[in-house]
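Engineer: Sharing a structure here in structure tokens format.
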Amino acid sequence: MSKSIIHLENIKRNFQVGDETVHALRGVSFSISEGEFVSIMGTSGSGKSTLLNLLGCLDTPTGGEYFLDDIAVSSMNKNQRSTLRNRKIGFVFQSYNLLAKTTALENVELPLQYNPDYGSKERRIKATEALDAVGLSDRLYHKSNQMSGGQMQRVAIARALVNDPVLVLADEATGNLDTRTAYEIMVLFQELHKKGRTIIFVTHNPELAAFTSRNIVLRDGKIIKDEINEHIESAKKMLDALPKQDD
Amino acid sequence: MNIGNLIKISLRALSNNKMRAFLTMLGIIIGVASVITMLAIGQGSKKSIQAQISEMGSNMIMIQPGAGMMGGVRQSSSDMQSLKLEDYYSILNKTKYIAACSPSVNSSGQFICGGNNYPSSISGVNPEYLGIRKLTVDQGNIFTRQQVASSAKVCLVGKTIIKNLFPNGDNPLGKVIRFNKIPFTIIGTLKEKGYNSMGMDQDNIVLAPYTTIQKRVLAITYIQGIFASALSEDVTTKATSEIETLLRENHKLKTTDQNDFNVRSQQELSNMLTSTTDMMTILLACIAGISLLVGGIGIMNIMYVSVTERTREIGLRMSIGAKGSDILSQFLIEAILISFTGGIIGILIGMGASFLIKFGIKWPISIQPYSVFLSFLVCTITGVFFGWYPAKKASELDPIEAIRYE
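Those protein sequence lines, which keep their order, are chains A and W.
Those letters in the first sequence? Residues 4 to 250, by our numbering.
Those letters in the second sequence? Residues 6 to 411, by our numbering.
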């Protein structure tokens, strides 16, 4: 068994809404090893977003322990978690969240700006490499408002990869894209997976689970299904099978 | 994140909203420019008043008899006879800080020369008087000590007198003018000095030996005043108190008695006048300062809008590793950049406006380095002060909520 990237032990997260306590997560435990491509599914209200926030070190659990790359996150303060996110995690959001009127290159450089180990030259080199990896080497100086949704999501993925994270967290990363572009993005994720990246893909779309190596399903704050996907569907094939659009 | 990066980010954010940044800046520009201009006007007036006073003789000391009682009747100070020539001699001989000293007796009346006449007054003084009052002889000469000793009927006249008594432009030197039926020969004329800051014509002047006025015109033995000049402006206060002690001694005043004379230095007058202009300067600067404050509130307002508008950006930056302090400094620097740039432009415009005032309406202005420095400092502090709160708000946002903010 390869190295464990994520280890959750009986994670609980409660929210206080007025006088009521909402139990968003009621004791969730699992481990994710290096190189896994995990989809986390669930309907809205299943605790999926809460789990994503916890995994992304944006939030801390009410109970239980969370180890990211063998580091205990639960007891960390805000600033420590900021640094941890900066070094260990790459986020991909549904709505891309690129900086407006800013070039692809600068958008990708952004995480490295908060890392004092990188000078401006190294930042540029790393960002160019990351954009290269997502197939946008000819779009380096395009501004975010001059790109299509698919291109913007590729920039966002490049931004998530630029700091060599141990974990890429994608939150409904294909949610805003049409079917063809969504498949293209899934192809990209699968390629990254093949190269050994650990990816967690949070979605409410069961179709997408077929492309990942492991499926976790949440309902009412508990895991109801956690299984290895023996027959990983190739997104590339699906893409090729799509009827050509000649317009 | 280093400061160079932060400045770059802030510049980008500002250039994305050029019009808004400019309008925000305008508040600061107007504030700083008005502070600079108002201070320049205030300081300019102060300087010009000080210059006029020093033209009158900055280290001049005037000694006049004090108002008092004479046989149970209150007298005006000019009627008092408490100052004697002995006082003049003792000031002349027994003081350390006095450079020159002249007695003064005055009489007003009509000057007549041929068919022309003009009402004025004649001052009886000694030759030192010219130096004390910073007067200069234009043509001819000042009277000599011998002429003082012999009570010679000679005089020096100012431009106003010449204009009125010799309207045809005759050379007044050597001419005889009559004052109270006494003929005075003009032996010199005085250079023009113009009006002083209190609107008095300094050229409406006739000088004669004090002995002549005492004996031939007024027939008195006392003197009406003494003009002295201190060695330098710095020792004026010492000289004043020296004279006071000396005169009290001469007049045999007991320690409980009040002075029967007044010693006034030009410095007091100068202080009085400059305190007025100082007050005016402060008032103007306050009004200008208020506009700077309003400019600062403008910054705060726009920074709030900016933070709200960029909530998602803040959320993103936080999720990819920005600390609260990074966000705080980003927005703070943006606010400071606005006020800083506005400050520089404001200073330039303020200086420009000051020079326009100087050459346009001939108002004296003086731009002090400290006022430039001060307004610059104030506007930077304004930026920090009014930028702080919105920046703090931004840094305290929850990244989870901020990133999903619509």
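Positions of the beta carbon are idealized from the N, C-alpha and C atoms, including for glycine.
Keep in mind the model is a prediction, meaning the values are calculated, not measured.
(1) DSSP three-state call for Q55 of chain W: helix, strand or coil?
(2) Buried or exposed, going by whether 16 or more other CB atoms sit within 10 Å of the CB of A238 of chain A?
(3) Quick one: which residues of the segment 69-86 of chain A get their C-beta closer than 8 Å to a C-beta of chain W? List them in chain order.
(4) Check the Cβ-Cβ distances between K397 of chain W and every residue of chain A, and say whether any is below 8 Å.
(5) From K101 of chain W to I287 of chain W, what does the alpha carbon distance come to, in whole angstroms?
(6) From the DSSP output, read off the bridge partner residues of L211 of chain A.
(7) Return the first residue and the last residue of the alpha helix (DSSP H) that S15 of chain W is part of.
(8) Determine, using beta carbons only, whether A327 of chain W comes closer than 8 Å to chain A.
(9) Any beta carbon of chain A sitting closer than 8 Å to that of N21 of chain W?
(10) Shorter than 8 Å from the beta carbon of G59 of chain A to some beta carbon of chain W?
(11) If you drop the 5 nearest sequence neighbours on each side, which residues of the same chain put their C-beta closer than 6 Å to that of N17 of chain A?
(12) When the Cα atoms are used, what is the spatial distance from V41 of chain A to H234 of chain A?
(13) Is the separation between the beta-carbon of S125 of chain W and that of S113 of chain W shorter than 8 Å?
(14) Helix, strand or coil: how does DSSP classify I307 of chain W here?
(15) In chain W, which residues lie less than 7 Å from K104 of chain A when you measure between Cβ atoms?
(16) Is Y117 of chain A close to chain W, meaning its C-beta is less than 8 Å from at least one C-beta of that chain?
(17) Along the chain, which unbroken stretches of the alpha helix (DSSP H) at least 4 residues long are found entirely within the segment 145-210 of chain A?
(18) Would you mind sorting A336 of chain W into buried or exposed? The rule is 16 or more other CB atoms within 10 Å of its CB.
(19) Is the distance from the Cβ of I319 of chain W to the Cβ of L11 of chain W below 8 Å?
(20) On the DSSP bridge assignment, give the partners of L251 of chain A in chain order.
(21) Indicate whether at least one CB of chain C lies closer than 8 Å to the CB of F18 of chain A.
(22) D229 of chain A bridges to which residues according to DSSP?
(23) Assuming N111 of chain W is part of the beta strand (DSSP E), what are its boundary residues?
(24) Does the segment 6-14 of chain A come close enough to the segment 174-183 of chain A to have 3 or more Cβ pairs within less than 8 Å?
(25) Does the beta carbon of D62 of chain A come closer than 8 Å to any beta carbon on chain W?
(26) Is there at least one Cβ from chain A nearer than 8 Å to D283 of chain W's Cβ?
(27) Using the beta-carbon of each residue, which ones in chain W are nearer than 8 Å to R88 of chain A?
(28) What separation, rounded to the nearest whole angstrom, lies between the Cα atoms of N232 of chain A and T215 of chain A?
(29) Going straight from the alpha carbon of F391 of chain W to that of M308 of chain W, what length do you get?
(30) Which bits of chain W does N100 of chain A rub up against, with CB to CB less than 7 Å?
(31) Between the alpha carbons of V389 of chain W and R183 of chain A, how many angstroms are there, rounded?
(32) Could you tell me the distance, in whole angstroms, from the CA atom of L135 of chain W to the CA atom of S234 of chain W?
(33) Does DSSP put M65 of chain W in a helix, in a strand, or in coil?
(34) Determine the chain W residues that contact F295 of chain A at a beta-carbon separation under 8 Å, and present them in chain order.
(35) Among W:L97, W:S59, W:N185, which has the Cα closest to the Cα of K139 of chain W?
(36) What runs of the beta strand (DSSP E), each 3 residues or longer, lie entirely inside the segment 119-184 of chain W?
Structural biologist: So, to answer that:
(1) Q55 of chain W falls in the helix class under three-state DSSP.
(2) In summary, A238 of chain A is buried, with 16 or more beta-carbon neighbours lying within 10 Å of its beta-carbon over all protein chains present.
(3) Listed in sequence order: K81, N82, S85, T86.
(4) No, because no Cβ of chain A sits closer than 8 Å to the Cβ of K397 of chain W.
(5) The straight-line gap from Cα to Cα measures roughly 39 Å.
(6) Answer by DSSP bridge pairing: none, since L211 of chain A is not bridged.
(7) For S15 of chain W, the enclosing alpha helix (DSSP H) covers residues 8-21.
(8) At least one chain A Cβ lies under 8 Å of A327 of chain W.
(9) It does: the Cβ of N21 of chain W has a partner Cβ on chain A nearer than 8 Å.
(10) For G59 of chain A, at least one C-beta of chain W is nearer than 8 Å to its own C-beta.
(11) Correct list, in chain order: T24, H26, T65.
(12) Answer to the nearest angstrom: the Cα atoms are 14 Å apart.
(13) In this structure, S113 of chain W lies closer than 8 Å to S125 of chain W by Cβ.
(14) DSSP places I307 of chain W in helix when its eight states are reduced to three.
(15) Simply N21.
(16) At least one chain W Cβ lies under 8 Å of Y117 of chain A.
(17) Within the segment 145-210 of chain A, the complete alpha helix (DSSP H) segments of 4 residues or longer fall at 152-164, 182-197, listed in chain order.
(18) Per the sequence shown, the amino acid found at residue 336 of chain W is Phe instead of Ala. Buried: at least 16 other Cβ atoms inside 10 Å.
(19) Cβ distance not < 8 Å, so I319 of chain W and L11 of chain W don't count as in contact.
(20) With chain A covering 4 to 250 only, the question about residue 251 of chain A has no answer from this structure.
(21) Checking the listed chains, one finds no chain C in this structure; the protein chains it contains are A and W.
(22) Partner(s): A:I219.
(23) Per DSSP, N111 of chain W belongs to the beta strand (DSSP E) from 103-118.
(24) Cβ pair count under 8 Å is below three, so no.
(25) Chain W contact via Cβ: present.
(26) It does not: the Cβ of D283 of chain W has no partner Cβ on chain A nearer than 8 Å.
(27) Simply S324, I325, G326.
(28) Between N232 of chain A and T215 of chain A, the C-alpha separation is close to 7 Å.
(29) CA-to-CA, the gap between F391 of chain W and M308 of chain W works out to about 9 Å.
(30) For N100 of chain A, the chain W residues whose C-beta falls within less than 7 Å of its own C-beta are R317, L321, I408, listed in chain order.
(31) When only Cα atoms are considered, V389 of chain W and R183 of chain A end up about 50 Å apart.
(32) L135 of chain W and S234 of chain W have their C-alpha atoms roughly 11 Å apart.
(33) If DSSP states are grouped into helix, strand and coil, M65 of chain W belongs with the strands.
(34) An answer regarding residue 295 of chain A cannot be provided, because it is not within the stretch 4 to 250 covered by chain A.
(35) The residue among W:L97, W:S59, W:N185 with its C-alpha nearest the C-alpha of K139 of chain W is W:S59.
(36) Restricted to the segment 119-184 of chain W, the beta strand (DSSP E) segments that are unbroken, complete and at least 3 residues in length are 121-130, 142-145, 159-162, 181-184, listed in chain order.
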